[in-house]
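Some notes on the structure that comes next.
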Amino acid sequence: MTHRILVVEDDQDIGDLLQESLTRAGYEVLRAMNGEQALKLVEDSLDLVILDVMMPGLSGIETCQHIRASSNVPILFLTAKSSTFDKTEGLLAGGDDYMTKPFSEDELHARVIAQLRRYTIYQEKKEQEDTFLSGAS
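In structure tokens:
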């Protein structure tokens with residue numbers, strides 16, 4: 020199964036780098052340049068969102084809060100904002116992980132794998148519970 024990752028990044032060069040790197044690693048990558056575009060794409064079935072914080076229109080924090088209102092998809096912040104306050108704000112807004120730019124591709128890939136592993140386990144347990152509950156009625 021190919022995992023679908025949404026990259027939300029307003030910097031074209033960084034977005035291209037992320038798309039190329041993740042595609043090379045075997046993931047299907049969708050792109051959004053801002054929070055509004057991201058919210059439209061989140062309606063699709065996704066396995067992970069990589070989200071910048073500083074974007075035009077909706078910030079990454081606001082976008083994360085909107086996503087969290089309707090989805091449990093893992094959200095990994097990837098941003099230049101590196102203070103303890105920024106990291107705390109992102110995680111408390113609903114982010115599952117937080118990386119700062121500049122970043123190591125190897126570390127990013129390791130974090131992506133970790134998030135996808137946890138989400139896959141969560142989804143499998145949820146499906147088992149749903150099957151059990153539907154069989155019990």
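Here the sequence shown stands for residues 20 to 156, where the numbers follow the numbering used here.
Glycine included, every Cβ here is placed at the ideal spot set by N, Cα and C.
Cβ neighbours of residue i in the same chain (closer than 7 Å, five flanking residues each side left out)
i       : result
Leu-135 : His-22, Asp-66 and Leu-67
Ser-90  : Val-61
Proximity below 9 Å, CB of residue i to CB of residue j
i       : j      : result
Asp-116 : Leu-95 : yes
Leu-70  : Thr-98 : yes
Val-131 : Ile-33 : no
Ala-57  : Ala-51 : yes
Spatial distance of residue i from residue j (CA atoms)
i       : j       : result
Met-118 : Leu-127 : 8 Å
Asp-30  : Ser-153 : 46 Å
Glu-55  : Asp-105 : 21 Å
Val-92  : Ser-101 : 23 Å
Thr-139 : Tyr-46  : 14 Å
Gln-147 : Arg-137 : 16 Å
Cβ shell of residue i (< 6 Å), same chain only, five flanking positions each side left out
i       : result
Ala-112 : Ile-80, Cys-83 and Gln-84
Arg-87  : Gly-113
Beta-bridge partners of residue i, as assigned by DSSP
i       : result
Asp-116 : Leu-95
Ile-24  : Val-48 and Leu-67
Residues of its chain near residue i, where Cβ-Cβ distance is below 8 Å and the 5 sequence neighbours each way are ignored
i      : result
Asn-53 : Val-27, Asp-29, Met-74, Pro-75, Gly-76 and Leu-77
* Whole runs of the alpha helix (DSSP H) within the segment 28-98, excluding any shorter than 4 residues -> 31-43, 54-60 and 79-87
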